[in-house]
Amino acid sequence: MTAKRIAFFSRRTLVAGAFLAPVFLLLILFRFYPIGSAIFHSFTRWDGYTAGSFVGLDNYARLVGDSNMIASARNIGWFVVGRLFLNLTFPMLGAMLIFHLRNRRAGYVYRVAFMVPMVVPLLVVLLVWRFIYHPHDGILNQILGSIGLSSLQRIWLADFDTALGSVIAMGFPWVTGLGIAGFGVLIYLAGLQSIPTDVFDALTVDGCRTHARVFRIELPLIANQIKLVAALTIINTLQSYVPVMILTGGGPSNASLVPGLYLYRMAFNYDRFGYASAIGVLMAVVLVVMTMITNRYIRTRTE
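To convert, take the position in the sequence shown, counting from 1, and add 27; that gives my numbering.
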């Protein structure tokens, strides 16, 4: 009996290993090898074509005093703050509105309406917003002109003072479509729907007003969902560079430059792959640290 059981487990292990081997092979080839290569080349001066020369920590030392890197770090900080505000407020309002609808059919319709924009490709969304911000034909400037606010018209994506803010603010009404905003609605709504109905029944009997119910009961009970959305927003925004690349190219004068785009420039515009690898490693370290902090922050202690 023991021999049969050993044979059975051995056969099952072999079958499982046969199915998992291609996955591990692909992970090694497309994940672990690029990571190891980036770490190695971050200590070299490498143009991506010829053999690089070892320079030790020289690339990292240059990063500390690189004005472009400092500017991009500052910009990504503002980007994170702006996106945190948008993702913690407007998706929450959308989830609250759906949750408090008495008509279930209407709630379903709104839920679908909020989710549909999520299937639109990011590039299409960015091109639409680039048109909205167009200085002459853009909807934004036309609306400002039609209501007598021509003094507020700007070349939004080419003005040093408005470029970064314009990229952060795109996605109005900030409920769906960009980043994790659409998932934020679902996460908040799932948290609200998980609150026991007995709680709401007791509040109704006590005559609790709507605003007190929201701020004293509902928001505290979905605190973990709020923390999760905050963590996902931070991680997603720190890695984001495509919106900046499409809308402003990092300009004007690096006013909207972010680390991901700076890495892309160094690698593919200037063939400084060693320096770009150092930027990538630094970004990875920051992301790992932020992920550890946010995971610890959202972890709940069960007694």
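By construction, the Cβ of each residue, glycine as well, lies at the ideal position given by its N, Cα and C atoms.
By the criterion of a C-beta distance shorter than 7 Å, S80 is surrounded in its chain by T71 and R72, once the five residues flanking it on both sides are discounted. Beta-bridge partners assigned by DSSP to F81: T71. For M197, the three-state secondary structure derived from DSSP is coil. Within the stretch 125-194, the complete alpha helix (DSSP H) segments at least 4 residues long are 131-142, 149-159 and 166-173, listed from N- to C-terminus. With a contact defined as Cβ atoms closer than 8 Å, L115 and V312 miss out at about 26 Å.
Beyond the five residues adjoining it in sequence on each side, A305 comes within less than 7 Å, by CB distance, of S69, N86, Y87 and L90 in the same chain, given in chain order. The three-state secondary structure of R38, taken from DSSP, is helix. Contact between the stretch 272-285 and the stretch 47-59 is not established, with fewer than three Cβ pairs separated by less than 8 Å. When L113, G211 and V107 are compared, the shortest CA-CA separation from Y268 is found for V107. About 4 Å separates the Cβ atoms of G109 and I195, confirming a contact at the 8 Å cut-off. DSSP, read as helix, strand or coil, puts R299 in coil. For Y291, the enclosing alpha helix (DSSP H) stretches over residues P286 to Y291. 8 Å or more divides the Cβ of L216 from the Cβ of A133. For D74 against F300, the beta-carbon gap comes to about 6 Å, under 8 Å, which counts as contact. Look at the beta carbons and you see the stretch 234-249 not touching the stretch 179-196: under three pairs across the two are nearer than 8 Å.
Shortest Cα-Cα distance from M119 to any of V42, L314, F141 and Y60 involves F141. Taking 8 Å as the cut-off, the Cβ atoms of A65 and G218 do not count as close.
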